[in-house]
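Protein chains: 2
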Amino acid sequence: MTGAARVTLCDVGPRDGLQNQSRNVPAADKVAIVNALSASGLPRIEVTSFVSPRAIPQLADAEQVMHEIERRPGVEYVVLVPNLRGAERALACRPDELNVVMSVSETHNRANLRMTREESFAALTGVIALSRERGVPVNVSLSCSFGCPFEGDVPLAGIEEWITRFTEHGVSAYTICDTTGMAYPRQVREIMARLRDRFPRHVFTLHFHNTRGLGVANVLAAAADGFDRFDASLGGLGGCPYAPGATGNVCTEDVVHALHLEGYETGVNLEALIAAAQSLPAIIGGDIPSQIAHAGPRTRLYSLDEALSQE
Amino acid sequence: MTGAARVTLCDVGPRDGLQNQSRNVPAADKVAIVNALSASGLPRIEVTSFVSPRAIPQLADAEQVMHEIERRPGVEYVVLVPNLRGAERALACRPDELNVVMSVSETHNRANLRMTREESFAALTGVIALSRERGVPVNVSLSCSFGCPFEGDVPLAGIEEWITRFTEHGVSAYTICDTTGMAYPRQVREIMARLRDRFPRHVFTLHFHNTRGLGVANVLAAAADGFDRFDASLGGLGGCPYAPGATGNVCTEDVVHALHLEGYETGVNLEALIAAAQSLPAIIGGDIPSQIAHAGPRTRLYSLDEALSQE
Numbered sequence: 446m447t448g449a450a451r452v453t454l455c456d457v458g459p460r461d462g463l464q465n466q467s468r469n470v471p472a473a474d475k476v477a478i479v480n481a482l483s484a485s486g487l488p489r490i491e492v493t494s495f496v497s498p499r500a501i502p503q504l505a506d507a508e509q510v511m512h513e514i515e516r517r518p519g520v521e522y523v524v525l526v527p528n529l530r531g532a533e534r535a536l537a538c539r540p541d542e543l544n545v546v547m548s549v550s551e552t553h554n555r556a557n558l559r560m561t562r563e564e565s566f567a568a569l570t571g572v573i574a575l576s577r578e579r580g581v582p583v584n585v586s587l588s589c590s591f592g593c594p595f596e597g598d599v600p601l602a603g604i605e606e607w608i609t610r611f612t613e614h615g616v617s618a619y620t621i622c623d624t625t626g627m628a629y630p631r632q633v634r635e636i637m638a639r640l641r642d643r644f645p646r647h648v649f650t651l652h653f654h655n656t657r658g659l660g661v662a663n664v665l666a667a668a669a670d671g672f673d674r675f676d677a678s679l680g681g682l683g684g685c686p687y688a689p690g691a692t693g694n695v696c697t698e699d700v701v702h703a704l705h706l707e708g709y710e711t712g713v714n715l716e717a718l719i720a721a722a723q724s725l726p727a728i729i730g731g732d733i734p735s736q737i738a739h740a741g742p743r744t745r746l747y748s749l750d751e752a753l754s755q756e
Numbered sequence: 446m447t448g449a450a451r452v453t454l455c456d457v458g459p460r461d462g463l464q465n466q467s468r469n470v471p472a473a474d475k476v477a478i479v480n481a482l483s484a485s486g487l488p489r490i491e492v493t494s495f496v497s498p499r500a501i502p503q504l505a506d507a508e509q510v511m512h513e514i515e516r517r518p519g520v521e522y523v524v525l526v527p528n529l530r531g532a533e534r535a536l537a538c539r540p541d542e543l544n545v546v547m548s549v550s551e552t553h554n555r556a557n558l559r560m561t562r563e564e565s566f567a568a569l570t571g572v573i574a575l576s577r578e579r580g581v582p583v584n585v586s587l588s589c590s591f592g593c594p595f596e597g598d599v600p601l602a603g604i605e606e607w608i609t610r611f612t613e614h615g616v617s618a619y620t621i622c623d624t625t626g627m628a629y630p631r632q633v634r635e636i637m638a639r640l641r642d643r644f645p646r647h648v649f650t651l652h653f654h655n656t657r658g659l660g661v662a663n664v665l666a667a668a669a670d671g672f673d674r675f676d677a678s679l680g681g682l683g684g685c686p687y688a689p690g691a692t693g694n695v696c697t698e699d700v701v702h703a704l705h706l707e708g709y710e711t712g713v714n715l716e717a718l719i720a721a722a723q724s725l726p727a728i729i730g731g732d733i734p735s736q737i738a739h740a741g742p743r744t745r746l747y748s749l750d751e752a753l754s755q756e
């Protein structure tokens, strides 16, 4: 123990990253990735999403993946559920937590979920009630909290109101999501300071995308202010349909590398994580936006012979 | 005027970015890029390098580029020179400043420049003397100040010693270079605080690569501590031969976008800069690592119709 602050990372790559691939990823590959993430020391993994197989065929194997992964003690296996039907399916697979999502932007919620926010809220409160009956905790993810690609900045009062309403249903864990990569450090510090002030007992996780190159900077800014839970995605996988060509979620190995250098502990073995990321190109049939999987950690040294032979 | 702190950016893309392209870039394209950078409001541009045409054939057109660019009042046009012969050629082209480079790592200097550091120092003091005769200021760039890919961390005392020795030759402007992307924010703050403390009257510029995804975070950390001069490269061009697959210099438009959001002024028109970056793929025959050229600034909004039609 170095006494450094501890940061808890959740890898959302198996769910958020792989559902955005054009190539269908076999369940066995998903299981292998989840197992590699567990083995690297990641404390939380968002394994899959129990959406309608007709809506997202890439995730039709949700039950199979949940049953075939190796569950390591101490690792939390989270699943995303969109509605009561998904929650029933998910709860049969014994997840450690359900994650539910709605957008704080009306336009984005309609575009992404084909519902008004009130309709989403009604559906999610049903999920929350069922999950409580079964004794499984629920985390609420609020999309577009740092901006909406249709509406621009979203009023903080609106975010606070949705948290207040979910709090009345007993939810104390929230992921504040930068769904399309609009967050910047000063804004992150301001919004999160307000939310912590207003809801001092809630657990907040931050979810950033690297769409505009600020993902790691946002993580470091929030960590410096004492926020200690972040989502990230192995290899930086994850799409962003409203920003063609841009990268997806902030990359787990880039975040781990940065956090360790800045003096935080994550419990993650960076070399094992890099090896897991380097298995992705063969699985998805394409390159990954990860910087660290390509360049290695800053401690990777070269010999002069290697350097001269590269010229 | 908003009262925000002013940051001075130097675009090194025409020199550092284009010399690393496998495809030969015609002089007319280089001139067009420099002119577009000038027009976007960038206050400094590193136009070219007067190296031996046999060593780097891509830069054999250095004189032509310097003569054909449009010089905007208020913009500083800098050129890199490796030795006295290059300095003679460069000074004939009336640059606003000469930039000279050596590495603070002996191994890297030998690998990159085929000389010992003492040999480099001797050559560069000759350049400095000539330049002073002609009344042209010189900036010394110190490669690998945040780490060497062969030696690892470089002792700060060594960096201070080289600055002291160049100071004895009248040099007061230094670029502290993260040549292979090994810098991280905590280290940047520590090293730069020490250098500012030791050399309070010197002008320091910071030069970061985004090899490990920390380029923008490093710029923001240094800017928060009051450092106000940074190099960056249009489109994020620029190679890093010791980190295959990794990106190059921190991207100018990503840095401008981030600095503006954080409350700094740069004098740069971001939309004009993005347009210039978007001209690069056709010139280099490949994609650019820029995030903002792909995703646009965070203020770019979409209509719901656009969103639905993308699905």
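First to last, the protein sequences are chains A and B. The first sequence begins at 446 in our numbering and counts up one residue at a time. The second sequence begins at 446 in our numbering and counts up one residue at a time. For every residue, glycine included, the Cβ atom is placed at its ideal position computed from N, Cα and C.
B/THR570 (DSSP reduced to helix, strand or coil): In the structure shown, B/THR570 falls within a helical segment according to DSSP collapsed to helix, strand and coil.
Residues near A/GLU756 by beta carbon distance below 7 Å, same chain, minus five either side: Low local confidence applies: a pLDDT of 45 at A/GLU756 is under 50, so the model's placement there is unreliable, and no value is given.
Assumed close pair B/VAL572, B/ASN544 - CB separation to whole angstroms, cut-off 8 Å: Contact doesn't hold; Cβ gap of about 10 Å is too wide.
Contact belief for A/VAL664 with A/PHE675 at Cβ below 8 Å, rounded distance in angstroms: With a Cβ gap of about 5 Å, A/VAL664 and A/PHE675 count as contacting.
Outcome for B/ARG489 when other beta-carbon atoms lying within 10 angstroms are tallied against a minimum of 16: A residue is called buried when at least 16 other Cβ atoms come within 10 angstroms of its Cβ; B/ARG489 meets this threshold and is buried.
Proximity below 9 Å, CB of A/ALA450 to CB of A/GLY671: Yes, the pair counts as a contact, with Cβ atoms nearer than the cut-off.
Contact with chain A by B/HIS652, beta-carbon distance below 9 Å: No, because no Cβ of chain A sits closer than 9 Å to the Cβ of B/HIS652.
Cβ pair B/GLU508, B/GLU521 closer than 9 Å: Against a cut-off of 9 Å, the Cβ pair of B/GLU521 and B/GLU508 comes out as no contact.
Members of the region 545-568 of chain B near chain A, C-beta cut-off 9 Å: For the region 545-568 of chain B, which is checked against every Cβ of chain A, the residues closer than 9 Å are THR552, HIS553, ARG555, ALA556, ASN557.
Assigned exposure category for A/ASN694 - 16 Cβ within 10 Å defines buried: Counting Cβ neighbours within 10 Å, A/ASN694 comes out buried, since at least 16 surround it.
Per-residue burial, B/GLN578 [other beta carbons within 10 Å of its own, 16 or more giving buried]: For clarity, residue 578 of chain B is Glu in the given sequence; the question names Gln instead. Note on B/GLU578: under 16 other CB atoms within 10 angstroms of its CB, so exposed under the neighbour-count rule.
A/ASN586 in three-state terms, based on DSSP: One point to set straight first is that residue 586 of chain A is Ser, not Asn, in the sequence displayed. Reduced to three states, the DSSP call for A/SER586 is strand.
Contact list for B/THR697 against chain A, beta-carbon separation under 9 Å: Per Cβ cutoff of 9 Å: no residues; B/THR697 is ~11 Å from chain A at best.
Neighbourhood of A/TRP607 by C-beta, 7 Å cutoff - its chain only, sequence neighbours within 5 removed: Correct list, in chain order: VAL549, LEU587.
Option in A/ALA738, A/MET627, A/ASP623 with minimal Cα separation from B/PRO742: Ranking the options by Cα distance to B/PRO742, first place goes to A/MET627.
Amino acids of chain B, ordered along the chain, whose beta-carbon sits closer than 8 Å to that of A/MET627: Those within 8 Å of A/MET627 in chain B are ARG743.
Between the CA atoms of B/HIS705 and A/ALA638 - distance to the nearest angstrom: The alpha-carbon separation between A/ALA638 and B/HIS705 amounts to approximately 21 Å.
B/VAL523: first and last residue of the uninterrupted beta strand (DSSP E) it sits in: 521-525 is the span of the beta strand (DSSP E), which, as asked, contains B/VAL523.
Beta-carbon spacing of B/GLY730, B/ARG460 below 9 Å: Contact flag unset, no.
Within chain A, partners of B/GLU760 - CB distance below 8 Å: This structure leaves residue 760 of chain B out entirely; chain B is present only between 446 and 756.
7 Å CB neighbourhood of B/ASP732 in its chain, flanking five on each side removed: Only PRO726 meet the Cβ criterion.
Closer than 9 Å at the beta carbon, the chain A residues around B/LEU746: Per Cβ cutoff of 9 Å: CYS593, PRO594, PHE595, GLU596, GLY597.
Buried or exposed (CB count within 10 angstroms, at least 16 for buried), B/GLU635: Looking at its Cβ environment, which holds fewer than 16 other Cβ atoms inside 10 Å, B/GLU635 is exposed.
Nearest-angstrom Cα separation, counted from B/GLY603 out to A/SER590: Rounded to the nearest whole angstrom, the C-alpha separation of A/SER590 and B/GLY603 is 47 Å.
Exposure of A/HIS512, with buried meaning 16 or more beta-carbon neighbours within 10 Å: Exposed, because fewer than 16 other Cβ atoms sit within 10 Å of the Cβ of A/HIS512.
Closer than 8 Å at the beta carbon, the chain A residues around B/LEU640: Chain-order list of chain A residues neighbouring B/LEU640: empty, with the shortest C-beta distance near 20 Å, by a criterion of under 8 Å.
Local conformation of B/LEU746 per DSSP, three classes: Note: B/LEU746 maps to coil in three-state DSSP.
Cβ-based burial, A/SER735 [other Cβ within 10 Å; buried from 16]: Buried, since its Cβ has 16 or more Cβ neighbours within 10 Å.
Closer than 9 Å at the beta carbon, the chain A residues around B/GLN434: Within the shown structure, residues of chain B are numbered from 446 to 756, placing residue 434 of chain B beyond reach of any answer.
Given B/VAL457 as reference, the closest of B/HIS647, B/HIS654, B/SER565, B/THR612 once Cα atoms are compared: Cα-wise, what sits closest to B/VAL457 is B/HIS654.
N- and C-terminal bounds of the beta strand (DSSP E) containing A/HIS652: Counting along the chain, the beta strand (DSSP E) containing A/HIS652 begins and ends at 648-653.
CB contact below 9 Å: B/GLY658 versus chain A: Chain A, which has a Cβ nearer than 9 Å to the Cβ of B/GLY658, makes this yes.
Beta carbon of A/ALA662 nearer than 9 Å to that of A/TYR629: In this structure, A/ALA662 sits near A/TYR629, with a CB-CB distance shorter than 9 Å.
Given B/VAL581 as reference, the closest of B/LEU640, B/THR612, B/VAL524 once Cα atoms are compared: Selected option, being the one with the closest Cα: B/VAL524.
A/GLN723: contacting residues in chain B (beta-carbon distance under 7 Å): The contacting residues do not exist; A/GLN723 stays about 11 Å from chain B at best.
C-beta neighbour in chain B for A/GLN736, strict 9 Å: Yes, A/GLN736 counts as interfacial toward chain B.
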